[in-house]
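*Asks:*
In our numbering, the protein residues as written are 1365 to 1653.
#1: Go to residue 1386, then tell me how far its alpha helix (DSSP H) extends in each direction, as first and last residue.
#2: What are the start and end residues of the beta strand (DSSP E) that includes residue 1526?
#3: Mapping the DSSP letters down to three states, classify residue 1374 as helix, strand or coil.
#4: Where does residue 1542 sit, in a helix, a strand or coil, going by DSSP?
#5: Taking the alpha-carbon of residue 1538 as reference, which of 1421, 1437, 1631 and 1514 has the nearest alpha-carbon?
#6: Is DSSP giving residue 1465 helix, strand or coil here?
#7: For residue 1564 and residue 1382, I'd like the C-alpha separation in whole angstroms.
#8: Opposite residue 1594 in the DSSP bridges: which residues?
#9: Between residue 1512 and residue 1595, what straight-line distance do the alpha-carbon atoms span, to the nearest angstrom?
#10: Is the segment 1513-1529 touching the segment 1590-1607 in the sense that three or more CB pairs, one from each, lie closer than 8 Å?
#11: Taking CB distances under 9 Å as the criterion, tell me whether residue 1518 reaches chain C.
#12: Going by C-alpha distance, which of 1606, 1418, 1464 and 1429 is nearest residue 1573?
#13: Can you check DSSP and say which residues form a bridge with residue 1488?
#14: To the nearest angstrom, how far is it from the Cα of residue 1462 to the Cα of residue 1436?
#15: For residue 1436, which three-state DSSP category applies?
#16: Using only CA atoms, which one of 1389, 1635, 1443 and 1418 lies nearest to residue 1428?
#17: Is the separation between the beta-carbon of residue 1543 and that of residue 1559 shorter than 9 Å?
#18: Taking the alpha-carbon positions, what's the residue 1440 to residue 1567 distance?
#19: State the start and end residues of the unbroken beta strand (DSSP E) segment that holds residue 1620.
#20: Residue 1636 by DSSP, collapsed to three states: which one?
#21: Could you tell me which residues DSSP puts in a beta bridge with residue 1536?
#22: Per DSSP, which one or two residues make a beta bridge with residue 1641?
#23: For residue 1581, I'd like the list of residues in its chain whose CB is within less than 6 Å of its CB, leaving aside the five on either flank, ordered along the chain.
#24: With 16 other CB atoms within 10 Å as the buried threshold, where does residue 1492 fall?
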């Protein structure tokens, strides 16, 4: 495996490093394998102090598996355990790790999606880092009535000062700072919004949108039922293996906004389903609008 290649089985790759490499790399691998939940939830500063390792050493460890740094490594580690369930419960990636990955691409996607809500008066907004970018882009938008499952999205909109902001009910998922559970469906039962802005953990041309959390899939289906149309925002890292819990097929969406390259096979396959796909790239016309 070269430094540029991500392993097919990240959990197995970490286990194999425990018997090779420097003593420091072996110690980091042991921490990630023996207590992945703590490895995912600790800050980088806490990890370095606990492992007696420098931040550059921690980053080199992640890069040895083909990742740019700690955030994207920990996201994939959490998803790997969610898919395989090897001896631990469900570990959710930290919201801050998600925010740290592909920030520029997510902001371009959010900006490219803005024209799609022209004329809307009411919005539903999902949780997630790309949804947060979209909320930031509403600073100059006309006053809107917005309901969201995200505590962070609600905070962003409230600081803008001109939108009416509502939260669904539900149980708070601390790592995601999002609401979940049956109360979300109850909250949405009396409303009908113009547009839902949503994301997904995984997008596959054959199976559609999916997530590694069962409750997240249920919440997203409830959000879909509460809006006239749905626009999905997804950066290129979301395309690949489907996650365990299916949210919907492409027929449930009106648009997909992404930064996939025009030559990507996923893009052609999705367009063949009839879904309108808008590309957001630097200097593209869509992003400029």
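For every residue, glycine included, the Cβ atom is placed at its ideal position computed from N, Cα and C.
In this text, all values refer to a predicted model and were calculated from it rather than measured experimentally.
*Replies:* Reading off the structure:
#1: For the purposes of this step, residue 1386 is taken as residue 22 along the chain shown, with counting starting at 1. Per DSSP, residue 1386 belongs to no alpha helix (DSSP H) and is neither H nor E.
#2: Within the chain shown, the letter at position 162 stands for residue 1526. From DSSP, residue 1526 is part of no beta strand (DSSP E); its letter is neither H nor E.
#3: Here residue 1374 corresponds to residue number 10 of the chain shown, with the count starting at 1. Looking at residue 1374 - three-state DSSP - the assignment turns out to be helix.
#4: Start at 1 with the first residue of the chain shown, and residue 1542 comes out as number 178. Here residue 1542 sits in strand by DSSP.
#5: By one-based count along the chain shown, residue 1538 stands at place 174. It is 1514.
#6: The sequence position of residue 1465 within the chain shown is 101, counting from 1. If DSSP states are grouped into helix, strand and coil, residue 1465 belongs with coil.
#7: Mapped onto the chain shown, residue 1564 falls at position 200. Mapped onto the chain shown, residue 1382 falls at position 18. Computed Cα separation, rounded: 33 Å.
#8: The residue given as residue 1594 occupies position 230 in the chain shown. Paired residues: 1560.
#9: Against the chain shown, residue 1512 aligns to sequence position 148. Against the chain shown, residue 1595 aligns to sequence position 231. Between residue 1512 and residue 1595, the C-alpha separation is close to 14 Å.
#10: no
#11: The chain labelled as chain C is not found in the depicted structure, where only one protein chain is given.
#12: For the purposes of this step, residue 1573 is identified with residue 209 of the chain shown, where counting begins at 1. Considering only alpha carbons, the answer is 1606.
#13: One-based indexing of the chain shown puts residue 1488 at position 124. 1511 and 1560, per the DSSP bridge assignment.
#14: Residue numbering aside, residue 1462 sits at position 98 when the chain shown is read from its first letter. Residue numbering aside, residue 1436 sits at position 72 when the chain shown is read from its first letter. Their backbone Cα atoms lie some 8 Å apart in a straight line.
#15: Working through the chain shown from its first residue, we reach residue 1436 at position 72. Of the three classes helix, strand and coil, the one that applies to residue 1436 here is helix, per DSSP.
#16: Along the chain shown, read from residue 1 onward, the residue named residue 1428 stands at position 64. For the options 1389, 1635, 1443 and 1418, the alpha carbon positioned closest to that of residue 1428 is the one of 1389.
#17: Numbered from its first residue, the chain shown carries residue 1543 at position 179. Numbered from its first residue, the chain shown carries residue 1559 at position 195. Contact: no.
#18: Along the chain shown, one-based indexing puts residue 1440 at 76. Along the chain shown, one-based indexing puts residue 1567 at 203. Distance between the alpha carbons of residue 1440 and residue 1567 is about 15 Å.
#19: Within the chain shown, the letter at position 256 stands for residue 1620. Where residue 1620 is concerned, the enclosing beta strand (DSSP E) stretches over 1619-1622.
#20: Within the chain shown, numbered from 1, the residue matching residue 1636 stands at position 272. It is coil, neither helix nor strand.
#21: Here residue 1536 corresponds to residue number 172 of the chain shown, with the count starting at 1. According to DSSP, which records beta bridges pairwise, residue 1536 is partnered with 1543.
#22: Reading the chain shown from its first residue, position 277 is the one you call residue 1641. DSSP, once it has assigned bridges, lists 1620 as partnering residue 1641.
#23: The sequence position of residue 1581 within the chain shown is 217, counting from 1. Counting only Cβ-Cβ distances below 6 Å, and skipping sequence neighbours, we find 1575, 1609 and 1611.
#24: Reading the chain shown from its first residue, position 128 is the one you call residue 1492. So residue 1492 ends up on the buried side.
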